[in-house]
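Residue numbers (numbering that gives the first Met the number 0), protein chains in the order written: chain A, 0 to 433; chain B, 0 to 254; chain C, 0 to 409.
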Amino acid sequence: MKRFWAKIRAGVWAGAAALRRRATALWEAGRGFLRAYGWPPLRRAAEFLLAWLKALRIRVLPPLLDLVFLGYLWLATSIAVSFAATGRVAYTLLSWEWFVLVVGVTGALWSAWDQTLGLKVVRHRLSPASPGMRLLYALFWPLFPLTLVTALVDREGRSPAEWFTDLRLVEAGEARPRRWYRSPTGWLAVLGLGVSLAAAVAVTRVDLRAFVTRFEKTLKFWRAIFSPAWDQAGLGLKLLVETLFMAVVATAFAVPVAAALSFLAARNLMRGPLPRLLYTVLRVTGSFTRSIDAIIWAIIFAVWVGTGSFAGVLALFVHSVVDLMKLYAEQIEAIDPGPVEAITATGANRLQVLRYGVIPQIINPFISFTLYRWDINVRMATVVGLVGGGGIGFRLAWYLGAYAFSEATMLTLLIVLMVWSIDWLSARIREKLA
Amino acid sequence: MAHVVVENLSKIYERGKVRALWNVNFSVEKGEFLVLIGLSGSGKSTLLRCINRLVEPTSGRVFLNGLELTRLSPRAMRRVRRRIGMIFQQFNLVKRATVLQNVLAGRLGYTSTLPSLLGWFPKRDIQRAKECLERVGLLDKMYVRADQLSGGQQQRVGIARALMQEPELLLADEPVSALDPATSHSVMQYIEQINKEDGVTVIASLHFLSLARRYGQRILALRAGEVVFDGPPEAIDDRKFKEIYGEEAEEVEIR
Amino acid sequence: MKLLRARALAFLLDLLVWAYLLYSGFTLYYLSALWSPWRPEEKLVWPALSPWAWAVVLVGLGEAVLLTQAFGPSLGQRLMGVHLVAEDGAPPKLAARLAYFGFSHLALATLGLGSVLHPQRPWHERWAGVRLEPLPPPSSAVRRPPWYRTAYGLTALLVALATLAVGWRLTEVDLRRLVYDASKSLRIWYGLIGPDFRYLLAPDPRIKLSLVDGLVQSLYMALLATVAGTVAAFPLSFLGARNVAARHPVGWAIYALTRGFFNVVRSVETVFWAAIFAIWLGWGPFAGATALFVHTVAALGKLFSEQVEHIDPGPVEAVTATGANLLQVVRYAVVPQVLPQYLAFAIYRWDINLRMAVVVALVGGGGIGRHLFEYKDDLRWSLVGAVILLFMLTVWVMDYLSGWIREKIV
Ligand SMILES: Nc1ncnc2c1ncn2[C@@H]1O[C@H](COP(=O)(O)OP(=O)(O)O)[C@@H](O)[C@H]1O
Ligand SMILES: [Mg+2]
């Protein structure tokens, strides 16, 4: 009976192995063929698509960028001018038809006479030409969206405006730098900055006189600031310790998680289709999570588990995990492949390669990144506290909201002391490590 | 009267209490090419920097055309520095600035403060900068960032910067130690040309005796801050060489 | 002399370690839900013990320190880089260690008089037949035991564990809540999935501003603070750089003052400044922008000065050698070296300011944060969701833009 089953099993194994061999051979043959000859129609289609996209990158993207920039200029000018004239903020002064007209005409003239901002980005410029030709170019420039079609037909992927004139978009070589006031782009950039600042002054209702006229309102808190509420020192100290522990706990629990994930998020370790998929998923979710601010995480967790330091810890934890994962993974990607190759050559398996080829190289950067992150977490702990994450920040926000300035000053003093000592401490530790 | 006269010059660095120069005396005639040699740490850089007072000497005097530099106020010293060009081992270019800006920096002593802060230079200076760059064969690199150039090219920019000052004296602190032998000779030839054609006095420190023999009219050797040899290159024989560089040293040839 | 210092500091450090462990024990005990009712403010308590109990605790503390010092390098000894050896340089025998432990009491009772009189080898070490020696460098032939076989390793482990345990209790980490209260978080997830963009363009009746208005306000607050802050920090950074400013006593005073200003202002939270300016200048975006500006000047000023201090001194020397004056040297040798970094830092600061522009609304700083906090307090989650989504979108776009610009510059 035993032998029977053994025979069956051997047969099944042999069959499976043969099948796999055949499948692999077929796969290899197919790949080899594709690599050698390609599939002509497919390859031609890909080439065509690439050329089309390249044409669009040069002929559609820059005009769009320029239009966005000019539109922004219009918006900011409107805000500034309307505020100066009426004391109210309006996003557009004239009707939308005017907006389209002005932006369109400016865009056309700019594109015809100089290397625009958008073209600068893609490192192209217009070939030299006579003023008449330039005018013609400007006239046809608004047809740039049609490049979507013309680039399909035209071998060089020209835009309608190029088509009708003898101007070409050519790659910009090393140009002699011009003084900013010698080029329209420089003018527009400075104008953009100036108008932005004017709009900023309007929107934020800057009123420098208030510094003087309202000064007496501040007398009360100057007095408070110079007489901190010392009776709050005990409570403040306890809250400070709590805040420190928030940072410690968040960092301590984030490090192992991040370290484990970082190996899966390192491109050079994740070879093959399935690992690569995992890598991509991790990286994408990581960057998505990281871009949600710690403050917003704190708000979410304050609703979830209730206001308090646990919410703060969770917010810091989530942010630390994704941040450290990225930092660690980048460090792993930057390792020297030599030792890894050498260890692999000795016949070690994957985990052994990790242990002896990778980890020795990354241990020091990991430690310094962790310290750096701890540093950040200590500072962030007060900030997430402000919006409901507990600790000293929550108290501070509370006092500030109640205009209890001598209490708030006391807490601020403590925070300043903490930040300084942490600064000093981590500088010392880093010195020791380096 | 000699062009440069150095009298009883000593320098003791407070930090580390190092006696970098001790009682150095020599003089250089106008148009001479003087080469300083010595082991690293023998005080060559310190000596050169004491001449234009980038380093303040502890005691002793330095004269240029009979003018005592060591007594000048900082302001007056700045005016004198305009006529003393300097070239450095590490080129000391502003890496992120263009070649032209680096060369124009040589004119700063002649430009009044406000325009120079705004980056305005007279047309004449820009013209001159182009000429200087042409002379070192880098006119086509005028608008390239300095860190895009090779070592030899960077040192040529350094020479152009010094040329901009219309110097009467050129100090060169190991101008070729960071370069490979072939490039070294090309750079040294530019310096020699400035010395021969413009009649500029040159004091250059060099690491290798072979280079010193090839370019120097006269050699001054330092050992532990003291002058141990002062004379023509031919006069350095094997015994003298051992005295300068120590017993173990052996002469190598740089081609 | 060195040994005396090592002895004193090692004792202090060990005392600190054990006191910390003891205090962690107390804290854990008092935070334990079983026998201590949860009191909101009293998370960290000073134990109420009778005087004799305190005496026991203190004596116990001292004994623990002496014991760890006698048996293997303690954490303090390890950090000071010393260890005990027998006369022949080998590790001391058990008897010698016990003797050392006993005689150390005398040393402690005389407040270390012996160590002051004979710093090389005080009496209690002589009697016990041991001596304190600097640790050999790690590369020497003697193999050190692994950390988990040493007193300092175990103590460090204990400290780490105690820290984690106390932190766990103190911050009320409660993973069950994360699961049980998941339903509560549903509200905010619903809000994020089904945001209510009612006030996107139409002004909110109470705040009188639409979300877009608020967003524009926040953006411009951040912009104004960043630009003005960079412009103000630029000249200050040279005064706060040791290599430029601190060349003579007056310059040194200016340097110290500038650095002090940076350090103080930088470490005070932006919200604190916002609260001050909200009273001074009245509620609204101007107060918020001013607070951001003040903080930006200090933060950028410090970063900028550090950049100036780390420049390559070569170009400075070269430009000085051409006869240029101080201003010209700064303009031609320093500024070109630091300008790209300055811009990169300014852009980085813009990212921070944009985020902080939301937080300053907490105390009356204006901007979209006002919508966020009001809706949150009113528990109107779908409106909160709208604000968060809008703000996140903006932050993404701005981060992308600024990252791209930074790449172009540097
Ligand atoms: N800034 C300084 N502070 C203290 N010691 C210095 C300084 N610069 C140079 N030294 C010391 O002065 C001596 C001479 O150095 P240097 O003039 O650089 O010699 P060389 O250029 O011949 O190599 C060396 O011993 C060096 O260590
Ligand atoms: Mg030198």
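Glycine included, each C-beta is placed from N, C-alpha and C at the ideal position. Note that the structure is a prediction, hence the values are computed from the model and not measured.
Check, Outcome
"Identify each residue in the segment 397 to 423 of chain A for which the Cβ-Cβ distance to at least one residue of chain C is less than 7 Å, and report them in chain order.", "Leu399, Gly400, Ala407, Thr411, Ile414, Val415, Val418 and Trp419"
"Whole-angstrom Cβ separation of Val64(C) and Leu14(C), contact assumed at under 8 Å?", "5 Å"
"When you compare each of Leu49(A), Ala407(A), Trp112(A) and Arg20(A) to Val267(C) by their alpha carbons, which one comes out closest?", "Ala407(A)"
"Using only alpha-carbon positions, find the residue among Pro121(B), Arg95(B), Gly65(B) and Leu132(B) that is nearest to Val102(B).", "Leu132(B)"
"Sort Ala341(A), Gly106(A) and Pro61(A) by Cα distance to Gly70(A) and report the nearest one.", "Gly106(A)"
"Alpha carbon to alpha carbon, what distance is there between Asn352(C) and Ala19(B)?", "51 Å"
"Return the CA-CA distance between Ile11(B) and Thr57(B), expressed in angstroms with no decimal places.", "6 Å"
"Does the Cβ of Met0(B) have 16 or more other Cβ atoms within 10 Å, making it buried, or fewer, making it exposed?", "exposed"
"Taking only three categories from DSSP, how would you classify Ser420(A)?", "helix"
"Which residues count as close to ligand 1 when the rule is a CB under 5 Å from any of its heavy atoms, in chain order?", "Tyr12(B), Arg14(B), Gly15(B), Val17(B), Ala19(B), Ser39(B), Gly40(B), Ser41(B), Gly42(B), Lys43(B), Ser44(B) and Thr45(B)"
"Got a sec: does ligand 2 put a non-hydrogen atom nearer than 7 Å to the Cβ of Glu241(A)?", "no"
"Taking all protein chains shown into account, do 16 or more other C-beta atoms lie within 10 angstroms of the C-beta of Val383(A), making it buried, or fewer, making it exposed?", "buried"
"Any beta-carbon of chain C closer than 8 Å to the one on Val17(B)?", "no"
"Along the beta strand (DSSP E) that carries Ser204(B), what are the first and last residues, could you check?", "Thr200 to Ser204"
"My assumption, with CB atoms under 8 Å, is that Leu35(B) sits in contact with Ile202(B). Please give the rounded CB distance.", "7 Å"
"For the candidate residues Tyr219(C), Ile275(C), Ala181(C) and Gly101(C), whose alpha-carbon lies nearest to that of Lys216(A)?", "Ile275(C)"
"Counting C-beta neighbours from all protein chains within 10 Å, is the total for Gly364(C) 16 or more, i.e. buried, or is it exposed?", "buried"
"On the CB-based measure, 16 or more other CB atoms within 10 Å of its CB, does His247(C) come out buried or exposed?", "exposed"
"What would DSSP say about Glu40(C), mapped onto helix, strand or coil?", "For Glu40(C), the pLDDT reaches just 49, beneath the cut-off of 50, and the residue's location in the model is therefore unreliable, although a value from the coordinates is still provided. Looking at Glu40(C) - three-state DSSP - the assignment turns out to be coil, as it is neither helix nor strand."
"Measuring only the C-alpha atoms, how far is Asn376(A) from Ala360(C)?", "22 Å"
"Check whether chain B comes within 8 Å of Ala240(C), counting only Cβ atoms and requiring the distance to be less than that.", "no"
"Around the Cβ of Gly84(B), are there at least 16 other Cβ atoms within 10 angstroms (buried) or fewer (exposed)?", "buried"
"With distance defined between alpha-carbon atoms, name the residue in Pro183(A), Leu147(A), Gly233(A) and Val211(A) nearest to Leu52(A).", "Leu147(A)"
"Can you confirm whether Pro234(C), when its beta carbon is compared against all beta carbons of chain B, has any partner nearer than 8 Å?", "no"
"For Phe10(C), I'd like the list of residues in its chain whose CB is within less than 7 Å of its CB, leaving aside the five on either flank, ordered along the chain.", "Val64 and Gly75"
"Which two residues bound the contiguous beta strand (DSSP E) that contains Glu247(B)?", "No beta strand (DSSP E) holds Glu247(B); DSSP gives it neither H nor E."
"Hey, is Glu173(B) close to ligand 2, as in C-beta under 7 Å from one of its heavy atoms?", "yes"
"Rounding to the nearest angstrom, what Cα-Cα distance links Leu25(A) and Ala16(A) in this structure?", "14 Å"
"Would you list, in sequence order, the uninterrupted beta strand (DSSP E) runs of no fewer than 3 residues that lie entirely inside the segment 303 to 328 of chain C?", "none"
"What residues match up with Leu168(B) in a beta bridge as DSSP calls it?", "Ile83(B) and Thr200(B)"
"Can you list, in chain order, the residues of its chain whose CB lies under 7 Å from that of Leu399(A), leaving out five sequence neighbours each side?", "Ala407"
"Which residues in the same chain have their Cβ closer than 7 Å to the Cβ of Trp453(A), if we skip the five residues on either side of it in sequence?", "Nothing about residue 453(A) can be read from this structure; chain A reaches only from 0 to 433."
"Along the chain, where does the beta strand (DSSP E) that runs through Phe220(A) open and close?", "Not the beta strand (DSSP E): Phe220(A) falls in the alpha helix (DSSP H), residues Leu218 to Phe225."
"In the DSSP assignment, the beta strand (DSSP E) including Arg124(A) goes from what residue to what residue?", "His123 to Leu125"
"For Asp398(C), decide whether its Cβ has a neighbour in chain A, counting only Cβ atoms nearer than 8 Å.", "yes"
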